[in-house]
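Below: the structure, in structure tokens.
Numbering (my numbering), first residue to last: 57 to 565.
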């Protein structure tokens, strides 16, 4: 059959088809150009130079906007294709299966008539089933509790009535689930209280921001024993991570904000098969002074993995506690060299980065092995690489000025060399401090959304509630259900002597 046999013979119709084809090609070229620009933006966010890269804590926000724009262009293209080929079978897309635990609301679609042309009733021979994700917006409801009073008609022996249930806020409006929602919204989903107040108002529930703040303060007070127990539990470990990040706090006297700090103490023994559950505890301090690290670590002895901040040297000078040994972070050492390669040709730094990558390749292979196995492989494979790196480091330090950028980067690595090598002799130690840095990312995101804490006490409440939520996440525990259960248990008089049973990994067992 000829390719032109299906074309109309009318010239006007042919001209219209040609114009339509040209329009489609122009739209297609435009979509391709827009997609190419989005792909370039995507790559720049991932792999661009430091000045072009998206900040770590805003990384997901940038990517989701780019991906949404890509999806819009693809949908536009699919619509154009469908308009030209409606008779063809729709494109099948495998989007995966929806979780089994979600409730199903079934709908059965039947033809207007199931009577055959012969007069008989058709019967079912099979069915097509499709599932789509449906979301019902947050629904507010009022729990009404009635307590009838009972009296005897024949005597006057008194009135009987069921006792009222105990609640965290006696005589108040919120249930424990409502309180948990406010905490999660603020410290897990990074919604400040004034925004939550606006969201509630759209549902006709008018709650002033100060009311929400009052409830949040009560929750913080009641959860403080759980938080203190979490800190004490973590400090019983023999190996922890530590890091700190800024926490802007309003300074009422000056009408400005001052820079406080949230210090994080974290445990994660999973990479070497340890049985202790992971956890993180944040503590607010008004400065970055090393004395705050000393105070936070009171009662801890063992190995502390940190970055190169000199304030951590204070923890080794304590007189009253057992010594702490500092293990340092190869990610920070690598970063010093990487910074030299940005917008510059730095062959020494590039060679150093190449050697450090070899350490990380070995670490990727031994993740999840026991501490003894990890140490044995590190001694066999990583130590020779480390010895070669030390020779390279000594040689190149002699070749460059000590005050040059390259000299300063090499000096940094030399300064912390003993602590950087400590992971070779103990399989429990990680090669870097990234474990605790990952725990700090939600803090940075909340800082950008809330801008600052209202006062020092508010910053400590921030630290305390974030500790509990992030520990839930590390243990793959749903924070809202956990907080609702724990707040209910506290309201009903959970005994202080059993407070460890309220820790995320113990609660509900």
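Cβ atoms here follow ideal geometry from the backbone N, Cα and C, with glycine treated the same way. It should be emphasised that the depicted structure is a prediction, and the values quoted were computed from it without experimental measurement.
May I ask you to report which of helix, strand or coil DSSP gives residue i?
i           : result
residue 540 : helix
residue 217 : strand
residue 291 : coil
residue 316 : strand
residue 108 : Its pLDDT being 42, under 50, residue 108 is placed unreliably by the model, and the measurement read from it follows with that caveat. Note: residue 108 maps to coil in three-state DSSP.
residue 368 : helix
residue 467 : helix
residue 205 : strand
residue 405 : helix
residue 273 : helix
residue 345 : coil
residue 350 : helix
residue 113 : Only weak support is given to the placement of residue 113: the predicted model assigns it a pLDDT of 44, under 50, and the question is left unresolved by the model.
residue 495 : helix
residue 483 : coil
residue 331 : coil
residue 548 : coil
residue 523 : helix
residue 281 : helix
residue 438 : helix
residue 528 : helix
residue 268 : helix
residue 57  : Legend: pLDDT at residue 57 = 48, less than 50; position of this residue unreliable, value from coordinates given subsequently. Correct three-state label for residue 57: coil.
residue 68  : helix
residue 144 : Annotation note: pLDDT 48 at residue 144 (below 50); position unreliable, coordinate value reported separately. Here residue 144 sits in coil by DSSP.
residue 225 : coil
residue 449 : helix
Report back the beta-carbon spacing between residue i and residue j to the nearest angstrom; my notes put them in contact at under 8 Å.
i           : j           : result
residue 199 : residue 231 : 6 Å
residue 361 : residue 297 : 5 Å
residue 555 : residue 281 : 5 Å
residue 359 : residue 383 : 5 Å
residue 56  : residue 319 : The question about residue 56 has no answer here: the residues shown for the chain are numbered 57 through 565.
residue 478 : residue 442 : Actually they are not in contact, since the Cβ atoms of residue 478 and residue 442 sit about 11 Å apart, beyond 8 Å.
residue 564 : residue 425 : About 31 Å separates the two Cβ atoms, so there is no contact after all.
residue 431 : residue 483 : 4 Å
residue 220 : residue 203 : 6 Å
residue 437 : residue 418 : 5 Å
residue 476 : residue 402 : With a Cβ gap of about 20 Å, residue 476 and residue 402 do not count as contacting.
residue 392 : residue 468 : 5 Å
Is residue i near residue j, with beta carbons less than 8 Å apart?
i           : j           : result
residue 404 : residue 386 : no
residue 315 : residue 302 : yes
residue 472 : residue 364 : yes
residue 286 : residue 523 : yes
residue 520 : residue 317 : no
residue 88  : residue 278 : no
residue 275 : residue 543 : yes
residue 323 : residue 334 : yes
residue 415 : residue 487 : yes
residue 291 : residue 338 : no
residue 242 : residue 235 : no
residue 567 : residue 466 : Because residue 567 is not part of the residues shown, which for the chain are 57 to 565, the question remains open.
residue 549 : residue 222 : yes
residue 531 : residue 560 : yes
residue 562 : residue 299 : no
residue 540 : residue 233 : yes
residue 536 : residue 240 : yes
So residue i is in the beta strand (DSSP E); what residue range does that whole segment cover?
i           : result
residue 360 : 358-361
residue 336 : 335-341
residue 381 : 380-383
Should residue i be counted as a contact of the ligand GDP given a C-beta to heavy atom distance under 7 Å?
i           : result
residue 189 : The ligand GDP is absent from the structure shown, which contains no ligand whatsoever.
Identify the residues that DSSP records as bridge partners of residue i: which are they?
i           : result
residue 298 : 321
residue 177 : 171
residue 458 : Bridge partners of residue 458: none, in fact.
residue 304 : 315
Tell me the residue span of the alpha helix (DSSP H) that contains residue i.
i           : result
residue 232 : 232-243
residue 431 : 427-433
residue 392 : 386-397
residue 476 : 473-477
residue 252 : 249-258
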